[in-house]
Amino acid sequence: MKIRVIITLKNGVLDPQGTAVSHALVSMNYPEMKSIRQGKVIDIDLGQNIYNEDMMHEICRKLLVNTVIEDYKITILEE
Amino acid sequence: MKSAIIIFPGTNREQDMRHALNRAGIESEFVFCNQKDLPENIQLVVLAGGFSYGDYLRTGVMAANSNIMNAVKEFAHNGGLVLGVCNGFQILCEAGLLEGVLMRNTNGRFICKTVDLKIENNQTPFTNSYEKGQVINIPIAHGEGNYFADSETLKSLEDNGQIVLRYTDNPNGSQNNIAGIINKKGNVLGMMPHPENHVDDLQKNQEGLGVFLSLLK
């Protein structure tokens, strides 16, 4: 089974990386976008392990995500 | 006084830190992060600067989850003094020993220069050799020193006098010009600037030495 964790910055948290990407686009002569926010995607292949949703949320909270500034979503890529 | 300086893969300020501690007469021992226990009879744990675990995932998070940090948490809960500088501050936040988080500088750049800091609270074991309101000049060297916390946390930091050091001219976008904070109990301090780099004649000034001399009071 394969799962994907998508991590995004919470609304209201400034994103200097997204802003830098936004500026780069303008300097490449693309139109100015309303906003660009950069996040992270983490793909996990569980192998033979059985998917345990509670454990996965715990892993997110303890390591993968800092919930002070980030939100996350777990999606199943492959059963 | 005896101290332990924790070394993670990617820590690179441990020798500077040892030098500064020496200048104040504090002994130090290097302790590697895969160890489970701190040395006995220490009164201080120092997390030095650097790029632990290459800053992978988020700055400080891998280090915050290493073996030795369980011992550091226990040490702190028992009232032991813990000082985190730069990456050490980031690690303390990720470990939950301090509130908030250090984000990328708002200008998107790594900043390396000396800055002026105002001592907001001199009633701490780390700042009691300074005057309240005194301005000291020490270096910063970081890409992620932009302090962020939710408004409730910020208010409680302000109300409890937990904001110990503030930039006089904010270099990185930190909320409320925060350069260093202390926990509620008053035994864990995190700061982005490097006091260990202004401690002797070879350097621009010795205005960082007070942090280490304070520990002896």
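Here the protein sequences line up with chains A and B, keeping their order. Residues 0 to 78 in numbering that gives the first Met the number 0 are what the first sequence lists, from first letter to last. Residues 0 to 216 in numbering that gives the first Met the number 0 are what the second sequence lists, from first letter to last. For glycine and all other residues, C-beta sits at the position ideal for the given N, C-alpha and C. All figures in this text were calculated on a predicted structure; none of them were measured in a lab.
Query raised in the report: If we count the other Cβ atoms within 10 Å of its Cβ and call it buried at 16 or more, is D168 (chain B) buried or exposed?
Result: exposed
Requested in this report: Please list, in chain order, all residues of the same chain as S65 (chain B) whose beta carbon is under 8 angstroms from its beta carbon, the five residues on each side excluded.
Outcome: F7, C32 and N33
Report task. With a threshold of 16 other CB atoms inside 10 Å of the CB of V134 (chain B), please say whether the residue is buried or exposed. Result -> exposed
Query raised in the report: When the Cβ atoms of the segment 201-209 of chain B are set against those of the segment 125-145 of chain B, are three or more pairs found closer than 8 angstroms?
Result: yes
Report task. Check whether the Cβ atoms of L101 (chain B) and A178 (chain B) lie closer than 7 angstroms to each other. Result -> no
Query - Candidates A:L24, A:K39 and A:I2: closest to L8 (chain A) by CA position - result: A:K39
Query - For G53 (chain B), three-class secondary structure by DSSP - result: helix
Report task. Mind checking which residues open and close the beta strand (DSSP E) that includes A140 (chain B)? Result -> V134 to H141
Query raised in the report: In whole angstroms, what separates the C-alpha of V45 (chain B) from that of M16 (chain B)?
Result: 8 angstroms
Query raised in the report: Are the C-beta of V67 (chain A) and some C-beta of chain B separated by less than 7 angstroms?
Result: yes
Query raised in the report: CB-CB under 6 angstroms to F125 (chain B), same chain, minus the five flanking residues each way: which ones, in chain order?
Result: L188, V210 and S213
Query raised in the report: Listing by chain order, which chain A residues have their CB less than 9 angstroms from the CB of F147 (chain B)?
Result: V12, L13, V67 and I68
Report task. Using DSSP bridges, identify the partner residues of S217 (chain B). Result -> Nothing can be reported for residue 217 (chain B), as the shown portion of chain B is limited to 0 through 216.
Report task. For the alpha helix (DSSP H) containing C92 (chain B), list its first residue and its last residue. Result -> N86 to E93
**Report entry** Distance between beta carbons of N104 (chain B) and G59 (chain B), contact taken as under 8 angstroms
**Finding:** Actually they do not touch by this definition, with Cβ atoms about 15 angstroms apart.
Requested in this report: Would you list the one or two residues that DSSP bridges to M190 (chain B)?
Outcome: B:V84 and B:G179
Query raised in the report: Are there 16 or more other CB atoms within 10 angstroms of the CB of S51 (chain B), so buried, or fewer, so exposed?
Result: buried
Requested in this report: State yes or no: is the beta carbon of R108 (chain B) nearer than 7 angstroms to at least one beta carbon in chain A?
Outcome: no
Report task. Go through the segment 98-172 of chain B residue by residue and report every complete run of the alpha helix (DSSP H) that reaches 4 residues or more, in order. Result -> 150-158
Query raised in the report: Can you find a CB in chain A that lies within less than 7 angstroms of the CB of V100 (chain B)?
Result: yes
Query - Residues near G9 (chain B) by beta carbon distance below 7 angstroms, same chain, minus five either side - result: G49, F50, S51, Y52 and G53
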